[in-house]
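Number of protein chains: 2
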Amino acid sequence: MSSRSEEDVLAAIERRRRRPHVKLMDRHVTLSHGAGGKSSHVLTETLFMPELRNPMLEALTDSALLQPNGSGPRLAFTTDSFVVKPLFFPGGDIGELAINGTVNDLAMAGARPLALSAGFIIEEGFPTEALRAIAASLGAAASAAGVAVAAADTKVVERGKGDGVYLNTSGVGVVEHDLVLSPTRVAPGDRVIVSGTIGDHGMAIMIARGELELEVDLQSDTAALHELAAAVVTAAGPHLRCLRDPTRGGLATVLNEFVVAADVGIVLDEVAVPVRPEVDGACEILGIDPLYVANEGKLVAVVAPDAADATLAALRAHPLGAEAAIVGEVRADPPGMVVLETSFGGSRVVDMLAGDPLPRIC
Amino acid sequence: MSSRSEEDVLAAIERRRRRPHVKLMDRHVTLSHGAGGKSSHVLTETLFMPELRNPMLEALTDSALLQPNGSGPRLAFTTDSFVVKPLFFPGGDIGELAINGTVNDLAMAGARPLALSAGFIIEEGFPTEALRAIAASLGAAASAAGVAVAAADTKVVERGKGDGVYLNTSGVGVVEHDLVLSPTRVAPGDRVIVSGTIGDHGMAIMIARGELELEVDLQSDTAALHELAAAVVTAAGPHLRCLRDPTRGGLATVLNEFVVAADVGIVLDEVAVPVRPEVDGACEILGIDPLYVANEGKLVAVVAPDAADATLAALRAHPLGAEAAIVGEVRADPPGMVVLETSFGGSRVVDMLAGDPLPRIC
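Protein chains in written order, with my numbering: chain S, 650 to 1011; chain C, 650 to 1011.
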């Protein structure tokens, strides 16, 4: 299968623009509009896109790509707000999550992180020592990822108008390769690879809230993926179609974004998808499919078949990718759909996340 | 007076690091920590700086300066969260404010805005039509400033954990000059110029809240200042020491930042400071000094004496700078202090903003 060029990416955006119009039926914003699934997409397509329309935003990638002087290396630019609850959880806290999350959005563009910003919205009455712990964690995670928090801002809102701390991080990175990474380039025959177990972050947060009668020792997988992403870029080169970190909405939602963008189908092999037994067990009790649970330290790569083995090997050679696996294949049919081949030998359609079973997960 | 070089800027940062340590006495975050004045500085110096320490952040400028490849034009990078209340006010709304605010932070580095991001934190139950109005305003303001919203993110928090909409904008710009703009370069003899009337935004917001028994027809001055800033850069060239937009904490706080950074004094001429009679009157009734009231469409430039007239002329030639005025002069003494020569012929020290008389003004 031939890969698709930059012109094809623009053509795909144009096609999406001309799609029969989705309508926003909700008169009020609901939690599911923030869940990263179906409702979020409707809000984006019907409200933000018509008002902010521009090709960078419409590419719907994790980072926008800029070229300050019309030539020279491209810059990646991204933003993410964090409203996770609780602020401190097994395996991390909002500070570490906010750095890793934005480093990862840059990394998914194959960019080397250059600088991050931190915008705090703090609720009046929040303990200064807890704020210090978050700032320390922010600083440590930034150092670990080899990037500086170059700009910061602090706002305080009245008691009862926030929830401790909300934190926005934005980031700038340099793209040191010439690849065009875009879900519109995904083509039949391509392989879908995940870098490790899915659902760890979302389940760790749910259990940390203590609202469930579950005692499971589970940690968030929050991690900076810039090295892992760079390894994939090197291993797959021009055979790499796109990279994405499956956060809100989980693996299922990301794969659905791919099939819609490229007008292809994806067949996912349930047995091949790595899931920790603890996550699997907790999901079963809660009636949640791990395919929809957020990850904060995993990536999904789609590569041409020839590059699949080399990419898998490169991922497994890095500690963060030790459990990487090829989990699916791209097909021409059914276009726009993700089909799961289950462990029982059956198959079912896997749609985007609907509703929000796990609010404020990141 | 000779201007100060980039090395001097670093030396000044080093001096500040070695200053006798300010201590954070508060055990909880208060509204005044978000007011941009004294408490905000204490929080920054005692909590954020020690944890995030790096020269870009410590320059305490409105934008950080980056050089992606160690050469070529510098990039400016900045972030700002907006929690203004009410969301819609005479002269603008949170969307327009968020674009102009971040464009202005880039402009104060003398940068041409390249791309902005928008991170929404929406309270569950917020009307989608109001959200559309904000997005429309965001789009229109971005277009007007010649910049695209290239990256966006939406989070939703539960009812009672927010206040309608909070909005973070971050921005990237290109610096197309070689000047070093920094408050550490301010030197005795320099002139202080403001681009127009002060206090319009803060007073317009206070009146829009309807909590006061005041009926005054006052509009926010929210405006994108990139053209005005570019005009100052061209007019003053190497005689330009620094640019700053006096938002939270007002003109008084910005001038105090200058005198501390450069270890100089500033004498401010009360009669020369342009204030609308409506703002003056409202301030008098509320017992607030307009010098501390936020502006969202004004800049302060400090220039060497030789460039003062040319800078003033350049400002006045632009519609946004029609009421520009030279309002003060930099002196060697008293170091670290701003002194106001009052209209009565007396003089008094003007300190940084203490407390927060006008919370959530931006």
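Idealized CB from N, CA, C, for every residue including glycine.
By the Cβ rule, the stretch 762-779 of chain S does not count as touching the stretch 711-721 of chain S, because fewer than three pairs are nearer than 8 Å. Distances from the alpha-carbon of Asp742/C to those of Ala797/C, Tyr815/C and Val916/C put Tyr815/C closest. Interface annotation for the stretch 812-829 of chain C against chain S: Asp812, Tyr815, Asn817, Ser819, Val821 and Val823, criterion Cβ-Cβ distance under 8 Å. Taken in chain order, the unbroken stretches of beta strand (DSSP E) that lie wholly in the stretch 931-1001 of chain S and span 3 residues or more are 949-952, 974-980, 986-990 and 996-999. Exposed is the label assigned to Val998/C, since fewer than 16 other Cβ atoms lie within 10 Å of its Cβ. Secondary structure of Asp802/C (DSSP, three-state): strand. Contacts with chain C at 8 Å (Cβ-Cβ) do not include Phe993/S.
The count of Cβ pairs closer than 8 Å, one atom from the stretch 669-678 of chain C and one from the stretch 785-799 of chain S, stays below three, leaving the stretches out of contact.
Boundaries for Ala708/S: no beta strand (DSSP E) harbours it, and the DSSP string shows neither H nor E there. Distance check between Gly994/C and each of Asp958/C, Glu919/C and Val942/C places Glu919/C closest, using alpha-carbon atoms only. The three-state reading of DSSP puts Leu877/C in helix, counting H, G and I together. One finds Thr803 in chain S with Cβ atoms closer than 7 Å to the Cβ of Ser689/C, taken in chain order. With a 10 Å radius around the Cβ and a threshold of 16 neighbouring Cβ atoms, Pro1008/S comes out buried. Nearest to Val691/S by alpha-carbon distance, out of Val671/S, Ala708/S and Glu700/S, is Val671/S. Under the Cβ criterion (8 Å, minimum of three pairs), the stretch 794-802 of chain S does not count as touching the stretch 846-862 of chain S.
Near chain C, meaning a CB-to-CB distance below 7 Å, no residue of the stretch 734-758 of chain S qualifies.
Here the C-alpha atom of Leu964/C lies approximately 7 Å from the C-alpha atom of Ala971/C. DSSP places Ser869/S in no beta strand (DSSP E); its state is neither H nor E.
For Val678/C, the nearest beta carbon of chain S is closer than 8 Å to its own beta carbon. Considering only beta carbons, no part of the stretch 832-854 of chain C lies closer than 9 Å to chain S. In the pairwise beta carbon analysis, the stretch 951-969 of chain S is classified as not touching the stretch 894-901 of chain S: fewer than three pairs are separated by under 8 Å. In the three-state scheme derived from DSSP, where H, G and I count as helix and E and B as strand, Phe907/S is classed as helix. Not flagged as an interface residue toward chain C: Ser720/S, since no C-beta distance is shorter than 8 Å.
Considering only beta carbons, the part of the stretch 758-786 of chain S lying closer than 8 Å to chain C consists of Leu763, Ala764, Ser766, Ala767, Gly768, Phe769, Ile770, Ile771, Glu772, Glu773, Gly774, Phe775, Pro776, Thr777, Glu778, Leu780, Arg781, Ala784 and Ala785, in chain order. For the C-beta of Arg980/S, not a single chain C residue is nearer than 8 Å; the gap to the nearest is close to 32 Å. Just measuring C-alpha positions, the residue of Val882/C, Val903/C, Thr751/C and Glu876/C sitting nearest Ser819/C is Thr751/C. Between the C-alpha atoms of Arg834/S and Asp827/C there is a straight-line separation of about 41 Å.
Chain-order list of chain C residues neighbouring Phe697/S: Ala784 and Ala801, by C-beta distance under 7 Å. In chain order, Ile770, Ile771, Glu772 and Glu773 place their CB closer than 8 Å to the CB of Val806/S, counting only its own chain and leaving out the 5 sequence neighbours on each side. For Ser730/C, the uninterrupted beta strand (DSSP E) segment begins and ends at Arg723 to Phe731. Between Val823/C and Leu867/C, the CB-CB gap reaches or exceeds 8 Å. Taking a contact as a CB-CB distance under 8 Å, the pair Val952/S and Leu889/S counts as one, their CB atoms being some 5 Å apart. For Leu861/S, not one C-beta of chain C is nearer than 8 Å to its own C-beta. Taking 8 Å as the threshold, the shortest C-beta distance from Asn703/C to chain S falls below it. Spanning the alpha carbons of Leu755/S and Leu904/S requires a straight line of approximately 19 Å.
The three-state secondary structure of Ala797/S, taken from DSSP, is strand.
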